Structure formats: C-alpha cells, structure tokens
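Scroll down for the structure; my scribbles are underneath it.
Number of protein chains: 2
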Amino acid sequence: MKIAIDAMGGDKAPGAIVEGCISSLKEIDSNIVLVGKEQIIKSELEKRTKDYRRIDIVNADEIISNEDKPVQAIRRKRNSSMAVGFKLLKKNEAEVFVSAGNTGALLAGASLRLGRIKGIDRPAIASIYPTKKGSSILIDAGANAECKPRNLYEFGVMGSAYLENVLNIRNPKVGIVNIGTEEGKGNKLINKSYDIMKSSNLNFYGNVEARDIPYGIVDVIVCDGFVGNVILKLTEGVAMSLMSMLKEVLTKDIFSKLSAIALKGGLKDFKSRLDYTEYGGAPLLGVKKPVIKAHGSSNGKAIKNAIKYGELFSQRGVIERIEEEINRMGADEFE
Amino acid sequence: MKIAIDAMGGDKAPGAIVEGCISSLKEIDSNIVLVGKEQIIKSELEKRTKDYRRIDIVNADEIISNEDKPVQAIRRKRNSSMAVGFKLLKKNEAEVFVSAGNTGALLAGASLRLGRIKGIDRPAIASIYPTKKGSSILIDAGANAECKPRNLYEFGVMGSAYLENVLNIRNPKVGIVNIGTEEGKGNKLINKSYDIMKSSNLNFYGNVEARDIPYGIVDVIVCDGFVGNVILKLTEGVAMSLMSMLKEVLTKDIFSKLSAIALKGGLKDFKSRLDYTEYGGAPLLGVKKPVIKAHGSSNGKAIKNAIKYGELFSQRGVIERIEEEINRMGADEFE
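The listed protein sequences correspond, in order, to chains R and H. Heads up, the first sequence is in our numbering, so the first residue is 483 and it goes up one at a time. Heads up, the second sequence is in our numbering, so the first residue is 483 and it goes up one at a time.
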C-alpha cells in the first residue's frame with residue numbers, strides 16, 4: 483500500500499513532514515509518496531537519511547496556503563501538493579492521503595475530487611479527544627457549522643465505525659452534546675437527531691453535558707461543527723491557561739521551585755495526556771478514500787502518528803463499514 | 483433597600499441560605515427578606531445568631547423543586563418561596579430577588595411576573611467567567627437555546643451595562659464566539675449578529691475563538707444559550723478533570739507527596755481562581771427588576787456574594803442603562 487503525504491502543508495513543512503515520514507517507516511508496512519517541490523523534498527530527505535527506498539517523490543510546484551480560499555484554491559491550483567495528492571488517490575496510485583495544510587481546502591478537495599460515500603449527506607472531521615479514561619472521538623470538529631438532524635446521525639455512524647475498527651473500541655457508546663441530560667432538552671436540531679439515533683442501530687447513550695466530556699462519559703461525542711469546534715478549542719484554552727497559572731504558582735518562591743523540580747516527572751506525565759501529537763491527526767470521514775487532516779503545527783511525531791493511523795484507516799476497511807451501515811438504515815428517509 | 487432571598491431554593495437550603503444572609507449583613511446597607519417556611523427559617527436563624535433585626539421573614543409554604551416543570555410550577559405553586567419572592571418585587575416590597583432554586587422556573591417567573599424591559603426581545607442569564615486576567619461575563623449562559631441575531635446584540639448591550647456599572651469595567655470589549663476570527667466565518671446567526679454589533683454603539687471586538695476565552699480576550703462573551711451553556715460546563719469539566727489528574731500525580735509516591743505538601747499554599751491560591759463562590763451568582767438580565775440566580779450548590783459564601791452583587795445591580799441602575807441603550811438603537815429594526 484502507498485500513503486501519500488502533502489510535503490508542503492503545515493507550519494513546519496516541509497522539514498517536520500519529511501522527518502515524520504522517515505520515522506513512520508519503522509512502524510508501518512506501507513510505502514510513502516511525498517508530494518511537493520521535488521528538489522526541496524529531496525534535500526530534506528538527504529539531510530536526514532541515506533536510505534529512502536520506501537519513499538517516492540511526486541513533484542507538485544504549487545502550494546495552497548492557509549490564506550487561500552478553499553474551493554477556489556483546490557479548483558485553480560491544479561498543480562498544488564494538495565490537488566496532486568487527491569489525484570493520486572483518484573488514480574489509485576495511493577490509498578491514503580495525509581495533509582497538515584489548509585483544512586477548508588482539504589475538505590473541499592476531498593468532496594470534489596474523491597466524492598462522498600453513497601448515503602452520506604455531509605462529510606465531517608473527527609477529532610480524537612483525550613479524556614481521563616483514554617480517548618473519545620468528537621465529530622464534527624468543524625467541517626459543518628450548520629447541520630440537519632440526519633447529519634448528526636451520520637456523524638454517529640462514522641465516528642463509531644472509526645473507533646471500532648481503528649482504535650479497537652467495541653460497540654462504542656454514542657452521545658449527543660446537549661445542555662441537559664433529559665430527553666427533550668436543547669433545541670430542535672438536537673431533539674430530532676435524538677429521535678433518529680434512538681431508533682437506529684447505534685449504541686446510543688443519549689444526551690451528554692459538556693461537563694462530562696473530559697471524563698470520557700461516551701466514546702463518540704456527536705455535535706454540529708460549530709459546537710464541536712468550540713469544544714476542541716475551549717478544551718485547549720482552558721488546559722493551557724490552567725497550566726500557565728500552575729507554572730506561576732510553581733515558580734513563585736525558592737521552596738516551591740525546589741518542589742516543582744521534584745514533581746517534574748509527574749507533571750510531564752500529566753502534560754503528555756493532553757498532547758495532541760500522540761494522536762497525530764483527525765480523520766476526514768464520509769468521503770470515498772481515507773484522508774487524514776494533521777494539526778497545522780504538527781511536528782515530526784504528529785506526522786508519524788497521522789501516517790500510522792492513516793494506514794489503519796485504510797487496512798481496517800472503515801469506509802466500507804460506514805457504507806454498509808448507512809445504507810442498511812437508509813438515512814435518506816430522515817431528510 | 484430590601485433584598486428578597488429564596489430561603490428554600492438550592493441543594494444546601496435553607497441552612498446555607500440563612501448563613502449567607504447573616505454574613506452578608508456586614509457587607510451591605512440593605513435589609514434582607516427571607517422567603518420560605520417561617521418556622522424553619524426562624525430556627526435556622528436562631529441557631530446562628532441572636533440579633534437578626536435586619537432580617538425579615540415572609541412566609542411561603544410551597545417549594546418549587548428542580549424536578550418541577552418551570553412554567554407550570556410558577557403558575558400553579560402560587561405560594562412557593564419563588565412565586566412569593568416575585569410578588570414582593572412586583573409590589574415594591576423588595577428591590578432585588580436572589581434564588582438558588584430551579585433555573586427554568588426563575589426565568590419563567592421573571593418574564594411572567596416582572597416583564598421584559600421595553601425593547602428587549604429575550605432576557606438572558608449572564609454568568610461571570612473567571613479568566614487568567616480577572617473576570618469576563620458570558621451571556622447567554624443557557625436561557626435561550628435558539629436565538630435570532632437581534633438577541634445576540636441585546637446580550638451584548640446587557641452584558642456591557644452590567645460589567646460597566648457593577649464590576650466597574652470601563653467601556654467593556656464585546657466579542658462573539660465563533661469558529662474563526664475573520665469576518666464571515668461561522669453560521670448565518672453569527673454573521674448577521676456580527677453586522678448588527680459592528681454598526682452599534684458597543685465596543686465591538688469582533689469574533690472570538692473559544693481557545694482565547696480563558697485568557698480574557700474580551701470582557702463580554704456573547705453567544706446563544708446553547709453554546710454558552712456548553713462553554714460554562716466544559717470549562718468546569720476540563721478544570722475539574724485536570725485537577726483530579728494533577729492530584730493523582732501529586733500523590734503518586736512519598737517524595738511527590740512531600741512536595742505536594744510544600745506546594746499546598748500555592749495550589750490553594752490556584753484553586754481559588756476557579757472558585758465560583760467568589761462571584762456568587764449570575765444576574766438575569768432583560769427583565770424589569772434585578773434578579774440573581776445563585777448556583778444550585780451554593781454555600782453560605784456564594785449566597786453572601788450573590789446578595790452583595792444583587793445590591794450593586796440595583797444601586798447602580800443597570801436596568802435603566804439597558805433600557806436607555808436598547809431604545810437609543812431601536813433593536814426592533816433588526817427583527
């Protein structure tokens with residue numbers, strides 16, 4: 483199998499991307515196809531290793547930046563690393579595509595170039611959400627700021643299929659984010675989605691209050707992309723601001739400083755639980771091929787992990803599972 | 483001035499309520515009217531103090547519980563402590579009402595019994611949000627799960643008036659919660675609200691990403707009640723789960739334990755920044771009299787602070803400021 487990587491996307495590209503590719507080779511069976519400016523990629527590879535037989539380069543001269551307008555960029559920059567990456571998938575010259583570039587363009591490109599899975603109305607971004615118990619998946623993390631009830635149901639199906647097959651969580655519990663736990667709370671979107679999910683094949687837990695999300699109350703956290711994006715960014719903001727307050731406390735006086743040194747190992751452990759690089763990237767679910775969106779500020783480790791999960795995403799047949807399940811239920815009925 | 487308190491509302495009522503009232507007397511000029519079961523209140527008072535000349539009791543035999551349906555409860559339980567509290571405000575026998583009881587019933591009662599401020603379409607709950615810099619106000623914290631653009635504008639006006647007059651923050655910065663900072667991001671509700679606020683008299687900052695909220699990027703955080711409730715509860719959930727992870731780290735081995743003891747003072751300081759009891763309660767803005775919703779699990783200190791802020795809410799003429807501003811702009815135009 484071949485995994486295509488956008489060598490030019492992300493704040494630390496191409497260095498961190500190339501580094502991640504090289505270190506992934508020890509942990510995957512697939513070969514890598516790096517897409518981007520050939521000379522630059524070659525020199526980044528040669529800086530790091532002599533043996534890159536399992537890495538091919540496909541040249542692409544243009545770059546889609548974060549400032550580019552998504553749909554326009556994917557349509558006009560036909561020779562960008564992202565557009566060429568999709569082309570490889572389309573022609574079956576690669577099975578998976580990983581990019582840390584412009585999220586909107588990646589979403590637009592996936593829908594336009596790969597197409598949606600039959601029965602799926604809106605693809606979504608699924609983000610791994612670290613909890614006290616382990617990890618949940620949050621879907622949609624920001625692709626769809628406005629949703630219909632059938633979309634939330636689809637998110638539940640897609641999130642479950644990914645968790646079950648890639649992260650080996652059996653019969654994952656699915657909950658909808660709401661402002662109360664009782665049935666009937668919240669707004670119309672939530673209420674209709676609740677009814678659909680309750681009568682579906684999902685292992686449906688019901689409503690979930692945001693307070694319980696960090697404790698891992700459910701495995702699949704379903705919400706529209708607006709709420710999902712707020713949840714992800716707020717979690718990051720609260721955690722980081724707390725850590726910086728804690729740092730102030732820990733460095734206040736010499737006695738605290740000494741204690742802080744003693745605690746350093748423990749705190750490192752604590753910080754690592756919040757480390758997004760462990761999870762590498764967010765799968766884009768609902769399109770016909772596996773696409774992974776890596777974090778814009780991905781370092782080599784994040785890219786390595788994104789590639790690892792990308793390989794599993796393809797090997798475990800997640801897309802086939804989604805297609806089976808969505809067509810068994812006939813989501814079109816919920817329109 | 484007289485401040486009416488619902489003696490029967492909240493998880494720790496009536497003990498914590500009575501305790502909070504007694505300790506508030508040292509910090510306020512007003513007198514207190516405790517509303518609820520007279521004999522019980524009397525015995526709670528006598529347990530704690532001999533001198534309660536500044537505290538009156540108004541008897542109310544019924545109690546609205548958290549399980550009661552809001553509108554129904556306020557209509558049928560005419561002799562509940564909450565209903566009687568509103569009656570005192572209506573008859574000008576008290577100026578402010580504080581309750582830690584059923585939030586929905588308090589909202590329904592305020593709208594039905596006191597009425598909305600002229601020009602305000604939807605009253606909202608404004609919650610103090612502790613930040614790294616101090617405190618912001620989040621509005622709406624959960625009263626309106628579905629909003630129109632004019633509502634978000636009104637929330638901005640009401641939040642600003644409260645912050646400026648009660649918390650002495652001059653010309654508070656107002657931001658809308660969105661999933662990107664650029665104009666045009668997000669959904670239709672946000673975009674229309676953005677346009678209204680941009681052309682208003684508010685000190686409008688623009689879009690705010692959830693990540694920046696805990697750092698105090700704006701003073702007034704505007705969002706619909708669904709998103710607001712998610713923000714409040716998630717902040718609590720993330721902070722509490724992090725604290726419990728931290729605790730695990732700190733008690734792992736004997737050396738860490740010793741360090742933890744040394745750090746205890748600092749950690750206490752750290753925890754107190756997250757302590758909602760400092761802020762006491764959330765003002766209900768948009769109705770014709772000052773109403774404060776105290777946290778359901780309020781202790782004496784939280785009640786004392788809710789009373790203190792309730793007094794300022796009335797003394798500083800917040801309601802008059804809101805009425806002036808909303809009618810100057812003519813929010814009805816935005817319908």
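We put the CB at the ideal spot given by N, CA and C, even for glycine. Please read all numbers here as calculations on a predicted model, not as lab measurements.
For residue i, the nearest candidate out of the options (CA to CA)
i: residue 803 (chain H); options: H:767, H:777, H:781, H:791; result: H:767
i: residue 630 (chain H); options: H:671, H:606, H:648; result: H:671
i: residue 763 (chain H); options: H:786, H:770, H:658, H:769; result: H:786
i: residue 579 (chain H); options: H:808, H:618, H:790, H:637; result: H:790
i: residue 725 (chain R); options: H:716, H:714, H:696; result: H:696
i: residue 774 (chain H); options: H:712, H:577, H:511; result: H:577
i: residue 504 (chain R); options: R:778, R:807, R:798, R:788; result: R:788
i: residue 519 (chain H); options: H:702, H:562, H:796, H:639; result: H:562
i: residue 572 (chain H); options: H:800, H:770, H:779; result: H:770
i: residue 594 (chain H); options: H:568, H:582, H:575; result: H:568
i: residue 512 (chain R); options: R:780, R:792, R:654; result: R:792
i: residue 613 (chain H); options: R:693, R:727, R:800, R:801; result: R:727
i: residue 601 (chain H); options: H:626, H:633, H:618; result: H:633
i: residue 551 (chain R); options: R:584, R:598, R:541, R:684; result: R:584
i: residue 493 (chain H); options: H:796, H:809, H:780; result: H:780
i: residue 542 (chain H); options: H:529, H:524, H:553, H:532; result: H:524
i: residue 540 (chain R); options: R:683, R:663, R:522; result: R:522
i: residue 599 (chain R); options: R:675, R:717, R:772, R:782; result: R:772
i: residue 778 (chain R); options: R:514, R:730, R:491; result: R:491
i: residue 484 (chain R); options: R:575, R:559, R:509; result: R:575
8 angstroms Cβ cutoff, residue i in contact with chain H
i: residue 568 (chain R); result: no
i: residue 693 (chain R); result: yes
i: residue 709 (chain R); result: yes
i: residue 627 (chain R); result: yes
i: residue 669 (chain R); result: yes
i: residue 664 (chain R); result: no
i: residue 608 (chain R); result: no
i: residue 713 (chain R); result: yes
i: residue 614 (chain R); result: yes
i: residue 718 (chain R); result: yes
i: residue 696 (chain R); result: yes
i: residue 679 (chain R); result: no
i: residue 564 (chain R); result: no
i: residue 555 (chain R); result: no
i: residue 490 (chain R); result: no
i: residue 727 (chain R); result: yes
Bridge partners - residue i, DSSP secondary structure assignment
i: residue 776 (chain R); result: R:763
i: residue 612 (chain H); result: H:617
i: residue 533 (chain H); result: Residue 533 (chain H) is not bridged to any residue.
i: residue 656 (chain R); result: R:686, R:702
i: residue 598 (chain H); result: H:769
i: residue 487 (chain R); result: R:516, R:580
i: residue 607 (chain H); result: H:766
Anticipated Cβ contact below 8 angstroms, residue i with residue j, distance rounded
i: residue 486 (chain H); j: residue 495 (chain H); result: That belief does not hold up - the Cβ atoms of residue 486 (chain H) and residue 495 (chain H) are roughly 14 angstroms apart, past 8 angstroms.
i: residue 590 (chain H); j: residue 556 (chain H); result: 5 angstroms
i: residue 587 (chain H); j: residue 609 (chain H); result: That belief does not hold up - the Cβ atoms of residue 587 (chain H) and residue 609 (chain H) are roughly 18 angstroms apart, past 8 angstroms.
i: residue 713 (chain R); j: residue 657 (chain R); result: Rounded, the Cβ-Cβ distance is 13 angstroms, inconsistent with contact.
i: residue 628 (chain R); j: residue 706 (chain R); result: 7 angstroms
i: residue 807 (chain H); j: residue 639 (chain H); result: 5 angstroms
i: residue 454 (chain H); j: residue 566 (chain H); result: Only positions 483 to 817 of chain H appear in the structure, and residue 454 (chain H) is not among them; the question remains open.
i: residue 516 (chain H); j: residue 536 (chain H); result: Not confirmed; about 11 angstroms, so no contact.
i: residue 690 (chain R); j: residue 653 (chain R); result: At roughly 17 angstroms, the Cβ-Cβ gap does not stay under 8 angstroms, so residue 690 (chain R) and residue 653 (chain R) are not in contact.
i: residue 667 (chain H); j: residue 687 (chain H); result: Not a contact, Cβ separation roughly 14 angstroms.
i: residue 708 (chain H); j: residue 548 (chain R); result: Actually they do not touch by this definition, with Cβ atoms about 29 angstroms apart.
i: residue 698 (chain R); j: residue 618 (chain R); result: 6 angstroms
i: residue 776 (chain H); j: residue 582 (chain H); result: 4 angstroms
i: residue 719 (chain R); j: residue 692 (chain H); result: 6 angstroms
Chain R contact for residue i (CB, 8 angstroms cutoff)
i: residue 635 (chain H); result: no
i: residue 661 (chain H); result: yes
i: residue 788 (chain H); result: no
i: residue 724 (chain H); result: yes
i: residue 582 (chain H); result: no
i: residue 721 (chain H); result: yes
i: residue 688 (chain H); result: no
i: residue 624 (chain H); result: yes
heavy atom of the ligand NAD below 7 angstroms from residue i C-beta
i: residue 678 (chain R); result: Among the ligands in the structure shown, none appear at all, so the ligand NAD cannot be discussed.
Worksheet entry | Uninterrupted alpha helix (DSSP H) stretches inside the stretch 502 to 577 of chain R (no shorter than 4 residues) | Complete alpha helix (DSSP H) runs here, min 4: 520 to 530, 552 to 558, 563 to 572.
Practice prompt. Mind listing, in chain order, the continuous alpha helix (DSSP H) runs of no fewer than 4 residues lying wholly within the stretch 776 to 813 of chain H?
Written response: Listed in chain order, they are 782 to 797, 800 to 811.
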